[in-house]
Amino acid sequence: MGLAQQAAFLYWYTGEEKYARFAYDLLDTYLTGIAYRKEPIDLSHSHIQTLVGLTSFEVIHEDVLFDVIAVVLDDDKTYANGHGNHYYLDQILNQTSTRQWGLTELIRKGFDAQSGLWSECPGYSVNVVKDFTDFVK
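Rendered as C-alpha cells:
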C-alpha cells in the first residue's frame, strides 16, 4: 500500500493518469481480497475488540483506503455524498470512531503532555514518531 500511496501523491502532484491507474490497481486488488472479511469478534467483549484490525490480530491498522485514496479524489463538492479529498483527510486527522482514533486524538492521548514522550515503551515509541513524521512528509 506504500507504493499505492506514493503513486496517488504523484498523480495529485503531476496529474499524470498512469500514477492514478497504478494506485487504483493496487488498492483494488487489496480491497477485493479483504472485502468479504468481517472483523474478529472478541467473545469476552473486552477493550481488545476496539483494537483488532482486519489484517492482523496483533497490530492496530487504520483503514488504508482513507490515506491512500484521499489525495487522488476530487474536491468534496464533486461527489453527491460530499465524500471527496477533504472529507477523507478530515477522517484521518480529526474524526475518531470505535476502531480508529483521528491523528489529533492519537497525538493528544498518546504523548505525555509533560515529557513529550510516547506513553509506551521507548523502543516502540521510535516507530510511532517515525510514522507520524512520515505522514507529515
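Take the sequence shown: its letters are residues 8 to 144, numbered as in the numbering used here. Here a beta-carbon is modelled for each residue, glycine too, at the ideal position from N, C-alpha and C.
Check                                                                                      : Outcome
Reduced DSSP secondary structure (H/G/I, E/B, other) of Trp108                             : coil
Whole-angstrom distance between Val143 and Ser172, CA atom to CA atom                      : Since the first and last residues shown for the chain are 8 and 144, residue 172 lies out of range.
Alpha carbon of Ala14 to alpha carbon of Ser122, nearest angstrom                          : 37 Å
Whether Tyr26 touches Tyr37 by CB criterion (8 Å)                                          : no
Cα-Cα separation between Asp82 and Asp35, rounded to whole angstroms                       : 21 Å
Supposed close pair Leu80, Gly89 - CB separation, criterion 8 Å                            : With a Cβ gap of about 11 Å, Leu80 and Gly89 do not count as contacting.
Start and end residues, alpha helix (DSSP H) containing His93                              : Asn92 to Leu100
Cβ pair Ala162, Ala11 closer than 8 Å                                                      : Here the chain covers residues 8 to 144 and nothing more, so residue 162 does not appear.
Presumed contact (8 Å Cβ cut-off) between Leu100 and Thr111, rounded CB distance           : 6 Å
CA-to-CA distance, Asp32 to Gly40, given in whole angstroms                                : 12 Å
Tyr94 versus Thr85 - alpha carbon distance                                                 : 12 Å
Residues near Thr140 by beta carbon distance below 7 Å, same chain, minus five either side : none
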